[in-house]
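If you're matching positions, the sequence shown starts at -6 in the working numbering and goes up one per residue. For reference, the structure is listed below as structure tokens.
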Amino acid sequence: MPNVAVVIPVRDRAAMVVEAIASVLAQTYRDLGVVVVDDGSADGSAESAETALARAAVPARVVRLPARDAPTPPGPPRQPTPVVAAPPAAVCPAPRGVAAARNAGAAVFDARWLAFLDSDDLWLPAKLERQIAWLAERPRYRLAQTEERWLDGGRHRNPRAWHRKEEQLLLRSFERCLVSPSAVVLSRELFAEHRGFDEAFAVCEDYELWLRITARERVGLVPERLVVKRGGHPGQLSRSTWGLDRWRVAALAKFLATVPLADAERAAAIAVARGKCAVLASGAERRGKRDEAERYRRLADAFATLVEVLPAALVDLPPVATAALRDGGGDQPEPACAETPRDA
-6 MPNVAVVIPV RDRAAMVVEA IASVLAQTYR DLGVVVVDDG SADGSAESAE
44 TALARAAVPA RVVRLPARDA PTPPGPPRQP TPVVAAPPAA VCPAPRGVAA
94 ARNAGAAVFD ARWLAFLDSD DLWLPAKLER QIAWLAERPR YRLAQTEERW
144 LDGGRHRNPR AWHRKEEQLL LRSFERCLVS PSAVVLSREL FAEHRGFDEA
194 FAVCEDYELW LRITARERVG LVPERLVVKR GGHPGQLSRS TWGLDRWRVA
244 ALAKFLATVP LADAERAAAI AVARGKCAVL ASGAERRGKR DEAERYRRLA
294 DAFATLVEVL PAALVDLPPV ATAALRDGGG DQPEPACAET PRDA
């Protein structure tokens, strides 16, 4: 089995995923395996990935996620079972989401380390070699990320000051995601302990996982720009999804209900959650949705006192938030990597 499993989730990015795969196959570190997980693409992304991997000199798989059998119920769904056989060409499965795709990909190889690469991003050739060497010299670390180069619509852009990376990220991570999936390598053991990505989150699933992890772990930093983040294209999930802060509030609700925190950490998380609720309420007011605005204000008050929240207060948030504040977060599915690894 490879030492590092590289997981690339994709949906409808046939050209970009080929470029992402090429950047993985160009790595100077060779003890790796590549898994591309197609989440119901209609543009031939899976076939493009198969062609790109056909002559790979490292273990490689293309996994197609099955469609959901029924609409997603409130709370986390069951873990998907990855398959390799392609569905009929006329069938385009409903997407399960990037969290499910990453979890399924993590199950394919029983590698010690996991590395994720978004299908619209690229790695520089030395990326994995630098990270694995860094981690080998610091055995107490179980994850590390690198710096990034940002491209927005093909033009270079410098990361903002608030995206500064450091080892102790928890307090700054409440406001925004400071760990990039494409830049991180983490141990399979750590991923399993935290039960992988929460599939109840359609977006901000990375923000939610990194909150849980950074509450307990230092995030190592290789201070080199070894990842190219490509934004500004039509398929960028963060730009095509409305109301990302709704999901961040849901993540904070779950986090506060399930993770033991010091008083200062708890107060900081509550303050950020209340601030995001205020922004959402203001936006609803501008759109003339007074009932929605009132619900966000009530939710902000609930965060302030952490009293039981009526379901009506959360009607505009993802269902996982209701469960988190009502009953302590509910059950979360076991990650695929905790099961018997799949390599066929």
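Quick reminder that beta carbons are idealized off the backbone N, C-alpha and C, glycines included.
### Message
If contact is defined by three or more beta carbon pairs under 8 Å, each pair taking one atom from either stretch, is the stretch 170 to 181 in contact with the stretch 128 to 138?
### Response
They touch, by the three-pair rule.
### Task
Could you say if the stretch 210 to 221 and the stretch 235 to 250 meet the contact criterion of at least three C-beta pairs nearer than 8 Å?
no
### Task
Starting from the N-terminal side, write out each stretch of the beta strand (DSSP E) that is 3 residues or longer and does not extend beyond the stretch 202 to 268.
213 to 224
### Task
Using a threshold of 8 Å, state whether the C-beta atoms of Glu168 and Val265 are closer than that.
yes
### Query
To the nearest angstrom, how far is it from the Cα of Arg23 to the Cα of Pro52?
10 Å
### With 16 other Cβ atoms within 10 Å as the buried cut-off, status of Pro31
Checking the sequence, you will find Asp at residue 31 rather than Pro. A buried status is given to Asp31, since no fewer than 16 other beta-carbon atoms sit within 10 Å of its beta-carbon.
### Proximity to Leu183 [Cα-Cα], best of Gln124, Glu217 and Leu107
Leu107
### Query
Who are the Cβ neighbours of Leu254 in its own chain at under 8 Å, not counting the five residues just before and after it?
Ala208 and Ala262
### Query
Looking at the structure shown, is Arg133 part of a helix, part of a strand, or coil, going by DSSP?
Under the three-state reduction of DSSP output, Arg133 falls in the coil class, being neither helix nor strand.
### Query
Would the stretch 95 to 107 and the stretch 187 to 194 be scored as touching if the rule is three or more Cβ pairs under 8 Å?
yes
### Task
Inspect the beta-carbon positions of Leu92 and Glu258 and report whether they are closer than 8 Å.
Looking at the sequence provided, one finds Ala at residue 92 rather than Leu. Not closer than 8 Å, so no.
### Message
Among Val28, Ala35 and Gly90, whose alpha-carbon lies nearest the alpha-carbon of Ala47?
### Response
Nearest C-alpha to Ala47: Val28.
### Query
Grouping DSSP H, G and I as helix and E and B as strand, with all else coil, what is Thr139?
In this structure, Thr139 counts as strand in the three-state DSSP scheme.
### Query
Given that a residue counts as buried once 16 or more other Cβ atoms are within 10 Å of its Cβ, and exposed if not, what is Ser275?
exposed
### When Met9, Arg6, Ile14 and Ala8 are compared against Val0, the one with the closest alpha-carbon
Ile14
### Task
Output the distance between the C-alpha atoms of Ala185 and Ala94, rounded to the nearest integer angstrom.
Cα to Cα, the separation comes out at about 16 Å.
### Query
What's the gap between the Cα of Arg54 and the Cα of Leu163?
35 Å
### Nearest candidate by alpha-carbon position, reference Gly268, set Val242, Tyr134 and Ser41
For Gly268, the nearest C-alpha among the options comes from Val242.
### Cα-Cα separation between Leu249 and Arg218, rounded to whole angstroms
33 Å
### Query
Is the Cβ-Cβ distance between Ala39 and Ala60 less than 8 Å?
no
### Unbroken alpha helix (DSSP H) run spanning Ala92, endpoints
Val91 to Ala99
### Task
Kindly list the residues whose CB is nearer than 7 Å to the CB of Tyr134, restricted to its own chain and excluding five residues on each side of it in sequence; keep chain order.
Leu128, Arg211 and Gly213
### Query
Between the beta-carbon of Leu25 and the beta-carbon of Leu121, is there less than 8 Å?
yes
### Query
According to the Cβ coordinates, are Asp294 and Lys222 closer than 8 Å?
no
### Query
Which whole-angstrom value is the C-beta distance of Glu285 and Ala297, which I expect to be below 8 Å?
Not confirmed; about 19 Å, so no contact.
### 7 Å Cβ shell around Gln124 - same chain, five flanking residues per side excluded
Ala137, Thr139, Val178 and Val215
### Query
With burial defined as no fewer than 16 other Cβ atoms inside 10 Å of the residue's Cβ, what is the status of Leu45: buried or exposed?
As written in the sequence, residue 45 is Ala, which differs from the Leu given in the question. Burial call: buried.
### Task
Keeping to the same chain, check which residues put their C-beta closer than 7 Å to that of Pro73; ignore five residues upstream and five downstream.
Confidence is the limiting factor: at Pro73 the pLDDT is only 36, short of 50, which leaves the residue's position unreliable and the question unanswerable from this model.
### Message
As a quick exercise: from Ser16, Ala50, Val10 and Gly37, pick the residue whose alpha carbon is nearest that of Pro(-5).
### Response
Ala50
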